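Chains as they are written, first to last, in the working numbering: chain U, 1 to 307; chain A, 1001 to 1307; chain C, 2001 to 2271; chain G, 3001 to 3271. Before any comments, here is the structure.
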Amino acid sequence: MTQPNLSVDIAGITLRNPVMTASGTFGYGSEFAPYLDLEKIGAIITKGLSLKPKAGNPTPRIVETPGGMLNAIGLQNVGIDTFIGEKVPYLRKISTPVIVNLYGNSLEEYGELAGRLDGIAEVAGIEVNISCPNVKQGGIVFGTDPKAAFEVVDLVRRNTGKPMIVKLSPNVTDVVVMAKSCVDAGADALSLINTLTGMAIDLKSRRPILANITGGLSGPAIKPVALRMVWQVARAVTVPVIGIGGIMTAVDALEFILAGATAVQIGTANFLDPSAAETIAAGIETYLVENGIADIRELIGALKTDR
Amino acid sequence: MTQPNLSVDIAGITLRNPVMTASGTFGYGSEFAPYLDLEKIGAIITKGLSLKPKAGNPTPRIVETPGGMLNAIGLQNVGIDTFIGEKVPYLRKISTPVIVNLYGNSLEEYGELAGRLDGIAEVAGIEVNISCPNVKQGGIVFGTDPKAAFEVVDLVRRNTGKPMIVKLSPNVTDVVVMAKSCVDAGADALSLINTLTGMAIDLKSRRPILANITGGLSGPAIKPVALRMVWQVARAVTVPVIGIGGIMTAVDALEFILAGATAVQIGTANFLDPSAAETIAAGIETYLVENGIADIRELIGALKTDR
Amino acid sequence: MQFKSMVLSNVEVSPSYFRMRMTAPPTIGVSCPGQFVMVKVNPAIDPLLRRPFGVFDLGTFETEFTDCGRQTYLEILYKVVGKGTAMLSTLHQGDHLDILGPLGKGFTLGDPAGEKLLVGGGVGLAPLYYLAKELVKESRVHLFAGGRNKEDILCITEFDRLGVETYVATDDGTLGAQGLVTEVLEQHLSRAGANATIYACGPTPMLKAVAFLADKYGIACQVSLEGYMACGVGACLGCVVQGKDHSEATPDYRCVCKDGPVFDQTDLLWS
Amino acid sequence: MQFKSMVLSNVEVSPSYFRMRMTAPPTIGVSCPGQFVMVKVNPAIDPLLRRPFGVFDLGTFETEFTDCGRQTYLEILYKVVGKGTAMLSTLHQGDHLDILGPLGKGFTLGDPAGEKLLVGGGVGLAPLYYLAKELVKESRVHLFAGGRNKEDILCITEFDRLGVETYVATDDGTLGAQGLVTEVLEQHLSRAGANATIYACGPTPMLKAVAFLADKYGIACQVSLEGYMACGVGACLGCVVQGKDHSEATPDYRCVCKDGPVFDQTDLLWS
Ligand SMILES: Cc1cc2nc3c(=O)[nH]c(=O)nc-3n(C[C@H](O)[C@H](O)[C@H](O)COP(=O)(O)OP(=O)(O)OC[C@H]3O[C@@H](n4cnc5c(N)ncnc54)[C@H](O)[C@@H]3O)c2cc1C
Ligand SMILES: Cc1cc2nc3c(=O)[nH]c(=O)nc-3n(C[C@H](O)[C@H](O)[C@H](O)COP(=O)(O)OP(=O)(O)OC[C@H]3O[C@@H](n4cnc5c(N)ncnc54)[C@H](O)[C@@H]3O)c2cc1C
Ligand SMILES: Cc1cc2nc3c(=O)[nH]c(=O)nc-3n(C[C@H](O)[C@H](O)[C@H](O)COP(=O)(O)O)c2cc1C
Ligand SMILES: Cc1cc2nc3c(=O)[nH]c(=O)nc-3n(C[C@H](O)[C@H](O)[C@H](O)COP(=O)(O)O)c2cc1C
Ligand code: FES
Ligand code: FES
Chain U
1 MTQPNLSVDI AGITLRNPVM TASGTFGYGS EFAPYLDLEK IGAIITKGLS LKPKAGNPTP
61 RIVETPGGML NAIGLQNVGI DTFIGEKVPY LRKISTPVIV NLYGNSLEEY GELAGRLDGI
121 AEVAGIEVNI SCPNVKQGGI VFGTDPKAAF EVVDLVRRNT GKPMIVKLSP NVTDVVVMAK
181 SCVDAGADAL SLINTLTGMA IDLKSRRPIL ANITGGLSGP AIKPVALRMV WQVARAVTVP
241 VIGIGGIMTA VDALEFILAG ATAVQIGTAN FLDPSAAETI AAGIETYLVE NGIADIRELI
301 GALKTDR
Chain A
1001 MTQPNLSVDI AGITLRNPVM TASGTFGYGS EFAPYLDLEK IGAIITKGLS LKPKAGNPTP
1061 RIVETPGGML NAIGLQNVGI DTFIGEKVPY LRKISTPVIV NLYGNSLEEY GELAGRLDGI
1121 AEVAGIEVNI SCPNVKQGGI VFGTDPKAAF EVVDLVRRNT GKPMIVKLSP NVTDVVVMAK
1181 SCVDAGADAL SLINTLTGMA IDLKSRRPIL ANITGGLSGP AIKPVALRMV WQVARAVTVP
1241 VIGIGGIMTA VDALEFILAG ATAVQIGTAN FLDPSAAETI AAGIETYLVE NGIADIRELI
1301 GALKTDR
Chain C
2001 MQFKSMVLSN VEVSPSYFRM RMTAPPTIGV SCPGQFVMVK VNPAIDPLLR RPFGVFDLGT
2061 FETEFTDCGR QTYLEILYKV VGKGTAMLST LHQGDHLDIL GPLGKGFTLG DPAGEKLLVG
2121 GGVGLAPLYY LAKELVKESR VHLFAGGRNK EDILCITEFD RLGVETYVAT DDGTLGAQGL
2181 VTEVLEQHLS RAGANATIYA CGPTPMLKAV AFLADKYGIA CQVSLEGYMA CGVGACLGCV
2241 VQGKDHSEAT PDYRCVCKDG PVFDQTDLLW S
Chain G
3001 MQFKSMVLSN VEVSPSYFRM RMTAPPTIGV SCPGQFVMVK VNPAIDPLLR RPFGVFDLGT
3061 FETEFTDCGR QTYLEILYKV VGKGTAMLST LHQGDHLDIL GPLGKGFTLG DPAGEKLLVG
3121 GGVGLAPLYY LAKELVKESR VHLFAGGRNK EDILCITEFD RLGVETYVAT DDGTLGAQGL
3181 VTEVLEQHLS RAGANATIYA CGPTPMLKAV AFLADKYGIA CQVSLEGYMA CGVGACLGCV
3241 VQGKDHSEAT PDYRCVCKDG PVFDQTDLLW S
């Protein structure tokens, strides 16, 4: 059999295979270069970027939980200026598309940031993280209110010509409502899920383990929730969906693809195995070969739900 | 040191210790009698009861997931008539309070069922499961809409003089809003969390593993989410809160109590160790003794969140 | 009952099939062959749930390590199919397991005068060995063992040694007759007495075919089913199968774990 | 690098302290003492994250099992404190582990002429052994080992054998001087040369006290820190500590995993 096609298109970005790395779990890519071949993965999504450098939360920032982990990094990042000065030159050296995950603490910050990134050729696209509190509006999270989400996405849309992925929060009653709102506002693709809000307590000290009290749950534990949401959203929208949440193996990734994901992102798995993204991409290829599937696109949304 | 006090009061029901068994995971109690002493646990919550017998979903109904399991039993149960005829006589033999978990597929069913249970002396209290679709209203789940939840709880309140616990769904944007709505409608106590909606896929057959496609996620995987929600709700309401979700050990139970739970429920753990509830109750006692704590109530909500 | 057990041996009897012997308390009461145990493979949460396995054998042996000079053991015969069984297969003598059981309702031995026809597909053989051990005491016992190839045909010499007459069929003919085990069974059924009983365990399609034959020849038939289980004690309602009177309006679900795993085939709805 | 390793030995050297030797590829490049490895205790998801351990020793031994007749090994010295280390302690020779490392920036050996003062609290001793091995080649090395009681004082004879002068202090006086190791250190500092260097690893309060003494006596001091880690390679930002110029407005967070674990004490904000 000839080589199967693994390439997919997300919002106009061509990926050599559907395996991307999730924001905040892969640094700016260079950290992982000693462990895998960055040219063998579909895309790199960089750590959440903001306009100004952000200190992030005090420590402890991470804690292991059953089958998962909580993080409350607090979106620490270098800010757009340092990003342009120090990170972009490295990204120029790799041919794999680099997608910049961004966030703001106000509507205006989102808009301005998107505008500044629009001019940078090395940025193949942007992923808008809307799981952030709107500091100006009493801290309500953009991504949990369809109207607030619409406003953010709409503003970003007007400030960028780049392919725009919107990353959805799972901490909502109806993820489909949120998804539709973002698509209506101009999202070219949706990625989900971000982390579930959780908490861990230390009995001895009688304190929350995380300095921030609550944090975001990721890892295998959340996979069933992520799979369900991806399935719900993929059936409800026409833009491509990117599946994220607890993907550890090629089998996990293929399950998300069956559920309707055009691509997947690998997050926590990078910590357990820094070559995970490459291994998973290779595993998908092997699966296609062994099952005589000529094109990965045959599997997207191919889940059979009749009985 | 003298024996510590483990007894707590939930909505007027006195529990000898704060460890209850969660609905749907402990049958009607008798199934577990060979493995533990039912007189050593705080309360038994029976399988979700409906007015008419309910067939439940086709199989497969359960599947293991990373650190958890999905179930889509479909609330199979014998219905109120058989419950009264066949189950109540057994319950009469044990002194541990028995709380009946109930649900309806319409507002009216909830009301009628509550009314019928009101007259049964063996029933110490009721736990209203609002994580059910309102069949008459296009299937929207009562427990995900504050108004629908208010209506259900309000109606049940008017049909019962028994202590009433309302069991909250975690599949919502803001669990505090739901909690307040239920308290406003007359809930004497709140229990949380019910299962998170999830999904599992079999790559080989390209089908969902559960016949029902989606199911409810329980077990250690969900503990961080449950702990966070219990903490949020306990700070926001004045009625007692019962913590549920992935509790496997006495340490887990104590963490929920620190977060604000007056009692806890043991669910999935019963499957791994049928004596789990008794073991956990004993473990809590040991902890109190070893730490010189005279009364479990000293720990309720004792989490320190200042830094 | 629930007990801590120690692995005594864990041997690969055929590629990916293992036979594990472990300690059991002397008070372990297996009320009848066909019951099963739920094994917690390790104390961690991965895998989370217990795994069900039929009782392959039960007995005692002499030892100097107990006061009474004897030790009770339990054996299971299992196939590595996924995570839990893969982990089981790596255990060594001296490793510990947590066991729940014996559970469920097993086989009814019935009238000793009748011929006993055991039908096992692949690892479905597991509960039939302990059954055969009981049956041979008073009855004439035949075993029909089927599989895809010779590697799926397990422990035949052990059955031989009990005095059981064995018949083998494999899909590829690498052992015994080529074809389905039900074909070999049918040849035998056509001349079996009316008081014969079939005892079958194996994949569902095989059980269906066996039940069909039992009906056709009017011969009593008990089948041992599998079902995805969480609790093993009839509480979670995860493992149910439809009883003969089942309908949506008047549900008749039976728990494989508590009402079974062994059922009279006429009590089930074979859809 | 990331490699599969086989356990060669795993010995309890003191109650709840273990020393594990495992295979490593010959190309494993430890650039300097003080680096660490991230160990995946088992391939399951419980525990999920890798666990960080300092490199206690590294070397080769003769063996007939490799072509070149030698095998590289790596040693860690660890204390059982939770789930991951408890599981590690049950591993036997022949068991497999997945290792990431060596990672991070270790100790700077500096001017050989200066006296080298190693300060270890409890299992904080771990990275100091490999450091001492390197330092003794050219320098005079002292070790100050502290703990709650004599069982926390590890591998002192190994340091002795290297020619290191060892001083011990325990809280309860069951070994060495009674009191804090920093008290013993201070006695020595008062007569140490200005070109001496302190190398410290242990609990944070001890490191703080050591850094305070280093300032007081104007002596260079490198400290090895701990931090909760997920990635180990500087990507997750979980393990950070505040650098000397840190403020909310101009954040100066350093990754323990990548910028450390060893820092010059003057580069850190000791709040
Ligand atoms: C009453 C009963 C008796 C059994 N006796 C035996 C026996 O003697 N020997 C033997 O080899 N097997 C037996 N099985 C099947 C055995 O339980 C499964 O092969 C085993 O649980 C697979 O676990 P795994 O982790 O390797 O597979 P995975 O596929 O990783 O398991 C995932 C989940 O599915 C469940 N599962 C997978 N396959 C089955 C199955 N066929 N039946 C029920 N649950 C399943 C597992 O228990 C687990 O919860 C029996 C099953 C039942 C219900
Ligand atoms: C750079 C570095 C080097 C270390 N070197 C050694 C060594 O040589 N010998 C040794 O015994 N210990 C060392 N530690 C500490 C060791 O990593 C922890 O004791 C170990 O991770 C505890 O795992 P556990 O599963 O037993 O404990 P648990 O408490 O169950 O672990 C839960 C989580 O907390 C983390 N954690 C717990 N304690 C610590 C800690 N002190 N530091 C960092 N993370 C922690 C674990 O990694 C895990 O993610 C080192 C830590 C770091 C950061
Ligand atoms: C340490 C850490 C940091 C993260 N930082 C970000 C971030 O900056 N922006 C973002 O959109 N998501 C962030 N995430 C969420 C991940 O991108 C991903 O959505 C989530 O972890 C679920 O996937 P997983 O289960 O594969 O890890 C972070 C996750 C982790 C664990
Ligand atoms: C098999 C199964 C059946 C359940 N049935 C019910 C039910 O009938 N009514 C209900 O309110 N909750 C039901 N639940 C939810 C549990 O009571 C509990 O809220 C949930 O499992 C989380 O707790 P755990 O993680 O300890 O299992 C069921 C859970 C399981 C696993
Ligand atoms: S396994 Fe729970 S009812 Fe059968
Ligand atoms: S452990 Fe991830 S940045 Fe240090």
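No residue lacks a Cβ here, since even glycine has one placed at the ideal position from N, Cα and C. Computed from a predicted structure; not experimentally measured.
With a contact defined as Cβ atoms closer than 8 Å, A1022 of chain A and Q1265 of chain A qualify at about 4 Å.
Residues of the stretch 1149-1172 of chain A with a C-beta less than 8 Å from any C-beta of chain U: N1171 and V1172, listed in chain order. Assignment of M1248 of chain A by DSSP, reduced to helix, strand and coil, places it in the coil class. A distance criterion of 7 Å places the beta-carbon of F3003 of chain G beyond contact range of ligand 2, judged by its closest non-hydrogen atom.
Taking a Cβ-Cβ cut-off of 7 Å, A2086 of chain C has no neighbours in chain G, whose nearest Cβ is about 10 Å from it. For P1146 of chain A, not one C-beta of chain U is nearer than 8 Å to its own C-beta. Neighbours of G1219 of chain A in chain C, taken as residues at a C-beta separation under 8 Å, are given in chain order as I2045 and L2048. In this structure, F256 of chain U sits away from T25 of chain U, with a CB-CB distance that is not shorter than 8 Å. For the set A:L1102, A:T1014, A:T1065 and A:G1085, the Cα lying nearest the Cα of P2047 of chain C is the one of A:T1065. Going by C-alpha positions, D2259 of chain C is about 6 Å away from G2104 of chain C. In the three-state reduction of the DSSP assignment, H3246 of chain G falls in the coil class.
Take the alpha-carbon of D2111 of chain C and the one of H2142 of chain C: they are about 15 Å apart. Proximity to I213 of chain U across U:P224, U:V88 and U:I201 peaks at U:I201, based on C-alpha coordinates. At least one C-beta of chain A is nearer than 8 Å to the C-beta of E255 of chain U. R2051 of chain C has its Cβ nearer than 7 Å to a heavy atom of ligand 1. The beta-bridge partner set that DSSP reports for L1049 of chain A consists of A:L1102. When CB distances to chain G are screened at a threshold of 9 Å, the residues of the stretch 247-280 of chain U falling below it are M248, T268, N270, F271, L272, D273, P274 and S275, in chain order. Bounds of the beta strand (DSSP E) holding E2075 of chain C are R2070 to K2079.
Residue environment analysis places V3013 of chain G among the exposed positions, since fewer than 16 neighbouring C-beta atoms fall within 10 angstroms of its C-beta. For V1225 of chain A, the enclosing alpha helix (DSSP H) has its first and last residue at K1223 to A1236. Contact between T2182 of chain C and G2176 of chain C does not hold, since the beta-carbon distance rounds to 13 Å and is not under 8 Å. Taking 8 Å as the cut-off, the Cβ atoms of G3202 of chain G and G3124 of chain G count as close. P3251 of chain G belongs to the set of residues whose beta carbon lies under 8 Å from a beta carbon in chain U. Proximity of the beta carbon of M3229 of chain G to ligand 2 is indicated: a heavy atom of the ligand is located closer than 7 Å.
Between ligand 5 and V2256 of chain C, a heavy atom-to-CB distance of less than 7 Å is present.
Burial check for R2019 of chain C: the Cβ neighbour count within 10 Å reaches 16 or more, so the residue is buried. In the three-state reduction of the DSSP assignment, F3061 of chain G falls in the strand class. If you draw a straight line from the Cα of P97 of chain U to the Cα of I44 of chain U, it comes to about 6 Å. Residue pairing by DSSP places Q2222 of chain C opposite C:Y2199 and C:D2264 in a beta bridge. Interface flag for Q3035 of chain G against chain U is unset, since no Cβ pair is found closer than 8 Å. Counting the other CB atoms within 10 Å of its CB gives K47 of chain U a total of 16 or more, which places it among the buried residues. L196, T197, G198, M199, A200, I201, L203, S205, R206, R207, P208, A211 and I213: these are the residues of the stretch 189-213 of chain U whose beta carbon lies less than 8 Å from some beta carbon of chain A, given in chain order.
Burial check for L2269 of chain C: the Cβ neighbour count within 10 Å stays below 16, so the residue is exposed. In terms of Cα proximity to K3137 of chain G, the closest of G:N3010, G:G3234 and G:G3114 is G:G3114.
Of A:C1182, A:E1127 and A:R1116, the smallest CA-CA separation from P1146 of chain A is found for A:C1182. Excluding sequence positions up to five before and after F3065 of chain G, its CB lies within less than 8 Å of the CB of Q3071, all in the same chain and listed in chain order.
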